[in-house]
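Q:
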Amino acid sequence: MNSTRTAVRATLVSLVVAGLLAGGGALYVRRDLSIARRLLERGEHREAAKRLQRYLRLYRGDSRARLMLAEALVADDDRPAEDAARDAVAQLERIPDSSPEGAEARTRTGRLLFLILLRPGQAEPLFRRAIELAPDALDAHLMLWNLLNVTGRFHLTQPVFWRVYELNSESERPIRLRDWYLSEFGRGSAFAELDRKLGVLAKKDNPSLVSEYDRLRHIRAAEPDWPVGIAALARLLRGEGQKDVARELVQLAPPEADRDPFFLATRIELAMDEGNFDEAAELFERWPEPHDGYEYWMWRGTIADEIRRDDAEAIAAYDEALRSPLGDTDWQLMSRLAHCLLRAGRADESRSTRDRASQLEKLMERELHQQLRKSFGDLRNPAAVREIIDFYRDLRRDREVAEWSAWLDRISPAESPVSGAAPGSMENRKRNE
Amino acid sequence: MMPAGATHRAPSVARALGWCLTCLSLAACSDRNEDNSRRARDVLPEKTSPQSLAHSEETAKKTARTVPETASANVQPVFVDVARASGIDFTFFSDTVPGRYFLPEIMGGGIGWLDFDGDGRLDVCFRNGTILSPDTPPSGKHLSRLFRNLGAGQFADVTRASAAGLEAYGQGCAPGDYDADGFPDLYLANYGADGLLHNNGDGTFRDVTREARVSDELWSTSAVWCDLDGDHDLDLYVANYMNVNFETHKVCEYSGRPGYCGPGSFHSQPDAVYLNQGDGTFVESAAALGFVDEDGNGLAVIAADFDDDLVPEIFVANDMTPNHMFTQSTHFDAPGSQRLRYANVAPAGGSAVSFAGLNEAGMGIACADFDGDGSLDIFITHYYHMKNTLYTNRGRLIFDDDSRRTRIAATSYESLGFGTCPIDYDRDGSPDLFVANGHVLGPEQEPNAMRPQLLKNRKGQFSDVSDQAGAYFQKLLLGRGVAAADYDDDGDVDIAVSHLDQRVALLRNDTQTGRRWLGLDLATADRAPPVGGRVIVTTPGRRQVLPIVAGGSYLSSGDPRIVAGLPGDEDSVEVEILWPSGRVDRFTDLAADRYWIIREGLAPREQRRFE
Chain A
1226 MNSTRTAVRA TLVSLVVAGL LAGGGALYVR RDLSIARRLL ERGEHREAAK
1276 RLQRYLRLYR GDSRARLMLA EALVADDDRP AEDAARDAVA QLERIPDSSP
1326 EGAEARTRTG RLLFLILLRP GQAEPLFRRA IELAPDALDA HLMLWNLLNV
1376 TGRFHLTQPV FWRVYELNSE SERPIRLRDW YLSEFGRGSA FAELDRKLGV
1426 LAKKDNPSLV SEYDRLRHIR AAEPDWPVGI AALARLLRGE GQKDVARELV
1476 QLAPPEADRD PFFLATRIEL AMDEGNFDEA AELFERWPEP HDGYEYWMWR
1526 GTIADEIRRD DAEAIAAYDE ALRSPLGDTD WQLMSRLAHC LLRAGRADES
1576 RSTRDRASQL EKLMERELHQ QLRKSFGDLR NPAAVREIID FYRDLRRDRE
1626 VAEWSAWLDR ISPAESPVSG AAPGSMENRK RNE
Chain B
105 MMPAGATHRA PSVARALGWC LTCLSLAACS DRNEDNSRRA RDVLPEKTSP
155 QSLAHSEETA KKTARTVPET ASANVQPVFV DVARASGIDF TFFSDTVPGR
205 YFLPEIMGGG IGWLDFDGDG RLDVCFRNGT ILSPDTPPSG KHLSRLFRNL
255 GAGQFADVTR ASAAGLEAYG QGCAPGDYDA DGFPDLYLAN YGADGLLHNN
305 GDGTFRDVTR EARVSDELWS TSAVWCDLDG DHDLDLYVAN YMNVNFETHK
355 VCEYSGRPGY CGPGSFHSQP DAVYLNQGDG TFVESAAALG FVDEDGNGLA
405 VIAADFDDDL VPEIFVANDM TPNHMFTQST HFDAPGSQRL RYANVAPAGG
455 SAVSFAGLNE AGMGIACADF DGDGSLDIFI THYYHMKNTL YTNRGRLIFD
505 DDSRRTRIAA TSYESLGFGT CPIDYDRDGS PDLFVANGHV LGPEQEPNAM
555 RPQLLKNRKG QFSDVSDQAG AYFQKLLLGR GVAAADYDDD GDVDIAVSHL
605 DQRVALLRND TQTGRRWLGL DLATADRAPP VGGRVIVTTP GRRQVLPIVA
655 GGSYLSSGDP RIVAGLPGDE DSVEVEILWP SGRVDRFTDL AADRYWIIRE
705 GLAPREQRRF E
């Protein structure tokens, strides 16, 4: 009996000691988290990472800690950026969508894949997923907008941009509007900062077609099978007259690339260039759902126009394309519509459409935009802002007019424009002629 | 294709940059140099042939052949350069000064075919340049040249004997019998003062420029004779280019290397219209007649009837500005009164710009019924990495840019076209095309020299058959003026080509078609070419509509006669001539394989030569 009591006592003591030890160990490990936090603040990223890795061995489900670990890994300047990024991505992928940090994890993963590993094809679905998880996630929207821009899918950017805009503070919104203007009308230089982050443009260099080419080339090298990357590069090459190379490039894509409408549209365009109309028409039949958006309608119209000579269908399709985001400024498409209307015997509509196309063409002139850029550099100047409003009013971009007018109202309440054309606008000039 | 909002794709921006069409920055022109060629190759795997990618001189030999095609199964095109063997030894003097890059140096000169001595054989005029410096007086060394056709394929230089050798920086050459004395006169468009040489009828010319009042100091390029005011004599339309002189001169840079500046760097000059007063003088009347030429950098002009009313329109191909299509309209100053006016219908009708609404770099024009529907279509040569354009005539002066559909676009991206002519080399009734190519940025840029092209027309679709056409088509050249003519009267059309700083070529057409032909030499009752009229040649199973045009190509004028290939084995054909006056003459059983001289209202007579 004494021996039994002793054994029990010993077991109890052991359990208590073990418990104390475990608890103490856990407390000790928990300290790693707070220590790591302080180390991160001091810039001691490698040490912070060690602490966090130890912590996470015990507390695997701590998503916040895992976010911190990813941050620490990436911030370690002593390691090659790509290696650090890969390790960070591996950590972030362990944070489930269902976690409160799920959206942030998706966004950060996307950022690493996009900005450091040059894999926008893998990054894009992550940004979209982050937006699903957190519809007000500014960073995810911003990154998606940037990604669409630098991969040539400008026709998809408008709804994303306006969400970015709404999520920004009021004081930042004019800057966003300026970025929006540059992304549409100053693409030659709009993405310089991003290209520098991507490592395709040196700090001392100015952006150019060469840097755009290098960006797309590197993206394609990192994701050789990504249809969008192939298509974006092919479009640039085609635009610079290297149609043969563009064509060879798209022929190297995997068969499933045709499921991407941006890629498919590129193939259609190249086929049309060569006069391979049967091929172009057949490719268009493969357009994946949804059958909507600027490029779909534009190509539907073009095929009806140039291949089938079906003016009625071409007119309807071109109308849809011109109503789609950013289609409203496509004066070239408008010219095509005008010609279809002429062929269809709708001479008056043709004339007015052609006139509008001509107006839009003038609004794209270099001299006008050189002046506008000065205005965009002086956003607290009411006169400069009024010039911007005039431009967008001539372009019939109601939302931009409204937002810039709101800004004007903030910086100069007494000078907010009344309804109708501002003095310098094209509409007002025409009225005065 | 993306929405056209971006200024770095906007053609109006490109206009400011001139010939660097699709780019915003100077670096964008680097697609024309080796650095970007290497970059382009970088994106493809090693196994891809670099020859298909590089834009070196060597690759230029292949790159023009984007849509290779074997020649028509039965007909191999054969063209042989017989210039020197024929006695034509002439090289255009461009006065290119290394490092100067003064734009006229790069434009070359034109060619005109005419029977100046009335012996029934076509003679040929080649324009020449001269010293461009305004401080240098004429030396007499650099004359435009006239070669007399002696028959048997031989020519003699009769420049001095004929006094046809005007010394000027020569551009266009437009023969036309403005005084209807039966002997074609010569209008010589120049960079600077132009010249009108009256044909004295005795083998000589006299300079009547001053008394005729048909000159200005502008940079004149192409010219065409045509009755513009309905008074049955020949008036003159002169295309003018740009305000380029030593004061406005500048050197441009492309990828860090110097080159010639293009249209975006200079202002346009208005075209001129000289109305023949019937007394040897002319009155400049462009504004009075409504030939409003805003922003027209005119390089080529053609007079032809495009809307089947037998009244010619004037079509002007402009370089990086919209083309013009001037058609007669009536203008009522007051109730009951009416004054002849012209209106430019190109913008409304679709022939001003490309299908995408873009200005194109119009250089040369060739008009023919390419799709066999009986109406006149328009082919225009354009810049490197831009497509040539084929406007299909839809009637009512509406045109569709069918460059892609007809595969004209596919044949032209890798070339820069100048002079051009329609030529049914295989006599199948479908007009084919010849194009002279050559770049304009100067020797520091690549590509520079390019191969000419022969494009076969098969039911309205074109393919490049140059590889089969002879040694000339393998040469790298700076092709400029082109003028077609059946100079040896054997029923097939030959081609004279002027190059920049290289000897001219006379491409004798030796193609064996196995088919017959019919030649027509037409004139109205007023001895004028029936510009605006049309000829319909009917054979069993085929009806060819052959519009009568004047001008075209680049700076050049071709054989005014018509040669119709006869696809079958007919001994004789039926011919219907719709004269501009409205009269219709019909002739059945015109014998094939010969030329017929037909004057309006009179019976045809076979061509005979005065030996």
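Chains A and B, in that order, give the protein sequences.
Residue numbers for the first sequence follow my numbering, so the first one is 1226 and each next one is one higher.
Residue numbers for the second sequence follow my numbering, so the first one is 105 and each next one is one higher.
From the three backbone atoms N, C-alpha and C, an ideal C-beta is built for every residue, glycine too.
Touch check for the segment 606-616 of chain B and the segment 678-689 of chain B: three-plus C-beta pairs under 8 Å?
A: No, the segment 606-616 of chain B does not touch the segment 678-689 of chain B.
Q: Where does W683 (chain B) sit, in a helix, a strand or coil, going by DSSP?
A: DSSP places W683 (chain B) in coil when its eight states are reduced to three.
Q: So with CB distances below 7 Å, who are the chain B contacts of H1564 (chain A)?
A: Here the neighbours are G454.
Q: What is the DSSP secondary structure of Q327 (chain B), reduced to helix, strand or coil?
A: The sequence shown places Ala at residue 327 (chain B), not Gln. Correct three-state label for A327 (chain B): strand.
Q: Per the contact definition of three or more C-beta pairs closer than 8 Å, is the segment 1250-1269 of chain A in contact with the segment 1280-1295 of chain A?
A: A contact exists between the segment 1280-1295 of chain A and the segment 1250-1269 of chain A.
Q: Pick out whichever of A:Y1280, A:R1525 and A:A1572 has its Cα sitting closest to the Cα of L1558 (chain A).
A: Considering only alpha carbons, the answer is A:R1525.
Q: Does G1454 (chain A) have its Cβ less than 8 Å from a Cβ in chain B?
A: Not an interface residue.
Q: Please identify the residue among B:M429, B:R317, B:L338 and B:A268 whose C-alpha is closest to the C-alpha of R252 (chain B).
A: R252 (chain B) has its Cα closest to that of B:A268, out of B:M429, B:R317, B:L338 and B:A268.
Q: Less than 8 Å between the CB atoms is what I'm expecting for G400 (chain B) and T425 (chain B), so what's the real figure, rounded?
A: Indeed they touch by this definition, with Cβ atoms about 6 Å apart.
Q: Leaving aside the five residues before and after S190 (chain B) along the sequence, list all residues of the same chain whose C-beta is less than 7 Å from its C-beta, in chain order.
A: Correct list, in chain order: G257, Q258, F259 and L610.
Q: Are the beta-carbon atoms belonging to T496 (chain B) and D475 (chain B) less than 8 Å from one another?
A: Closer than 8 Å, so yes.
Q: Say whether chain B places a C-beta atom closer than 8 Å to the C-beta of S1560 (chain A).
A: True, the Cβ-Cβ gap to chain B drops below 8 Å.
Q: Would a check of beta-carbon distances place F459 (chain B) closer than 8 Å to chain A?
A: Chain A, which has a Cβ nearer than 8 Å to the Cβ of F459 (chain B), makes this yes.
Q: Are T510 (chain B) and S657 (chain B) close, meaning C-beta to C-beta below 8 Å?
A: No. Outside cutoff.
Q: Taking CB distances under 8 Å as the criterion, tell me whether W1556 (chain A) reaches chain B.
A: Closer than 8 Å: yes.
Q: So if DSSP puts S60 (chain B) in a beta bridge, which residue, or which two residues, is it bridged to?
A: A question about residue 60 (chain B) goes unanswered here, because the residues of chain B that appear run from 105 up to 715.
Q: Since A514 (chain B) meets chain A, which of its residues come closer than 7 Å, beta carbon to beta carbon?
A: Per Cβ cutoff of 7 Å: D1498, E1499 and G1500.
Q: At a CB-CB cut-off below 9 Å, which residues of chain A make contact with I666 (chain B)?
A: By Cβ distance, chain A contributes nothing, its closest Cβ being about 30 Å from I666 (chain B), past 9 Å.
Q: Within 8 Å (strictly less), CB to CB, does I502 (chain B) reach chain A?
A: Yes, I502 (chain B) counts as interfacial toward chain A.
Q: To test your reading of the DSSP string, which unbroken alpha helix (DSSP H) runs of 4 or more residues are found completely within the segment 1401-1450 of chain A?
A: Runs found: 1412-1415, 1417-1423 and 1434-1447.
Q: Measuring only between beta-carbons, confirm whether Y205 (chain B) sits less than 8 Å from chain A.
A: Answer no: the Cβ-Cβ gap between Y205 (chain B) and chain A never drops below 8 Å.
Q: What residue from A:V1254, A:D1312 and A:H1380 has the CA that sits closest to Y1521 (chain A)'s CA?
A: The candidate whose alpha carbon is nearest that of Y1521 (chain A) is A:H1380.
Q: Would you give the residue range spanned by the beta strand (DSSP E) that S567 (chain B) belongs to?
A: Run containing S567 (chain B): Q565 to D568, per the beta strand (DSSP E) assignment.
Q: So, at 6 Å on beta carbons, what are the nonlocal neighbours of F1352 (chain A) in its own chain, with the 5 sequence-adjacent residues on each side left out?
A: Here the set comprises G1335, A1365, M1368 and L1369.
Q: Just list the alpha helix (DSSP H) runs in the segment 1275-1334 of chain A, keeping only unbroken ones of 4 residues or longer that don't cross its boundaries, in chain order.
A: Here the runs fully enclosed are 1288-1300 and 1306-1317.
Q: Below 8 Å CB to CB, which residues in the same chain sit around A131 (chain B) once its five sequence neighbours on both sides are set aside?
A: Per-residue confidence for A131 (chain B) stands at a pLDDT of 33, beneath the threshold of 50, marking its modelled position as unreliable; no derived number is given.
Q: At the 8 Å Cβ level, is R562 (chain B) part of the contact set with chain A, yes or no?
A: Chain A contact via Cβ: absent.
Q: Is any beta-carbon of chain A found at less than 8 Å from that of L558 (chain B)?
A: For L558 (chain B), the answer is no, since every Cβ of chain A falls outside 8 Å of its Cβ.
Q: Quick check: I484 (chain B) and A421 (chain B), are their CB atoms within less than 8 Å of each other?
A: Contact: yes.
Q: Does DSSP classify S1600 (chain A) as helix, strand or coil?
A: Note: S1600 (chain A) maps to helix in three-state DSSP.
Q: Are V539 (chain B) and P551 (chain B) close, meaning C-beta to C-beta below 8 Å?
A: Against a cut-off of 8 Å, the Cβ pair of P551 (chain B) and V539 (chain B) comes out as no contact.
Q: Let me confirm a value: P288 (chain B) is counted as buried when at least 16 other C-beta atoms fall within 10 Å, else exposed. Which label applies?
A: Classification of P288 (chain B): buried, given that the 10 Å Cβ count is 16 or more.
Q: Give the straight-line distance between the Cα atoms of L545 (chain B) and V201 (chain B), rounded to the nearest whole angstrom.
A: Answer to the nearest angstrom: the Cα atoms are 14 Å apart.
Q: What separation, rounded to the nearest whole angstrom, lies between the Cα atoms of D409 (chain B) and A284 (chain B)?
A: Taking the straight line joining both Cα atoms gives about 22 Å.
Q: Hey, F403 (chain B) and A343 (chain B) are a contact pair by Cβ (cut 8 Å); roughly how many whole angstroms apart?
A: As written in the sequence, residue 403 (chain B) is Leu, which differs from the Phe given in the question. That pair is a contact at about 7 Å.
Q: Along chain B, in chain order, which residues have C-beta atoms closer than 8 Å to that of L1567 (chain A)?
A: Ordered by position in chain B, the residues that pass the 8 Å Cβ test against L1567 (chain A) are A452, G453, G454 and I502.
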